[in-house]
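Below you'll find the structure, written out as structure tokens, and then a few comments.
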Amino acid sequence: MNFNPPSFLKISIAAVLLLGLFGVTAYRFSPKGSKEPTEVSVSASEPVKSDSLEADVLIRDSLEQFGKGFLGVPYVYGGTSGKGFDCSGFVYYVYQEFGIRVPRTSAQFENFGKEVPIEKVKKGDILVFLSPTRNVIGHIGIVTDPKGMESEFIHASSSKEMKVMISSLKQPSYTRRFVKAVAVL
1 MNFNPPSFLK ISIAAVLLLG LFGVTAYRFS PKGSKEPTEV SVSASEPVKS
51 DSLEADVLIR DSLEQFGKGF LGVPYVYGGT SGKGFDCSGF VYYVYQEFGI
101 RVPRTSAQFE NFGKEVPIEK VKKGDILVFL SPTRNVIGHI GIVTDPKGME
151 SEFIHASSSK EMKVMISSLK QPSYTRRFVK AVAVL
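When you line the sequence shown up against UniProt numbering, it's residues 1 to 185, in that order.
Laid out in structure tokens, this is it:
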């Protein structure tokens, strides 16, 4: 089965809207690569609020799955489409698909969002890094597996791989350049 990001986005948004309007006893889906469905329970007695834990988890999971649909897409400096991304173009594109506005360049993340301690980072938060060659903000990625300083993140890498990939904050090249984690949701 091929992953179709635009279709997944439509289904995810429809699910969030339906949960918010009607409430259900459970929502089940199987994330890509998983044999077991993920279950999110929601009370049918009252509508889901947009800031509820269940909606937050669904949006964060949806951001992750949508982003993973672009694994292997080439790194293209200045790129903001499924044909090629730079790091900030990738983050911008993923969040934009969910109607969430974020800066277009990594440098603009220096003063953007709410800084969170790395120990409290959540899936969907953004990690901000220094440039490998200069002492300025130069790289960002989206958290996919929050584990403090061992968190994993998806990003468009300009290193030798030159593609959208998942990396770990525990890799020395990222640990050394890590500046902060930013909550957008």
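Heads up, the beta-carbon is just placed ideally off N, CA and C, and yes, glycines get one too. Quick caveat, the model's predicted, so the values are computed rather than measured.
Give the secondary structure of V24 by DSSP, where H, G and I count as helix, E and B as strand, and everything else as coil.
Because the pLDDT of V24 is 36, which lies under 50, any placement of that residue in the model is unreliable, and the number read from its coordinates should be weighed accordingly. If DSSP states are grouped into helix, strand and coil, V24 belongs with coil.
With distances taken Cα to Cα, identify the nearest neighbour of T175 among D56, E161, S131, F66.
S131
So for Y95, helix, strand or coil by DSSP?
helix
Cβ-based burial, Q171 [other Cβ within 10 Å; buried from 16]
exposed
With three or more C-beta pairs closer than 8 Å as the rule, is the segment 78-98 touching the segment 56-70?
yes
Among the candidates A183, V184, E161, S173, whose CA atom is the shortest distance from the CA of V76?
E161
Have a look at the DSSP bridge pairing and note the partners of K163.
P74
What are the boundary residues of the alpha helix (DSSP H) that F66 is part of?
53-68
With a 10 Å radius around its C-beta and 16 neighbouring C-beta atoms as the bar for buried, classify Q65 as buried or exposed.
buried
Measure the C-alpha to C-alpha separation of R134 and R60 and round it to an integer number of angstroms.
32 Å
If you draw a straight line from the C-alpha of S81 to the C-alpha of E119, how long is it?
32 Å
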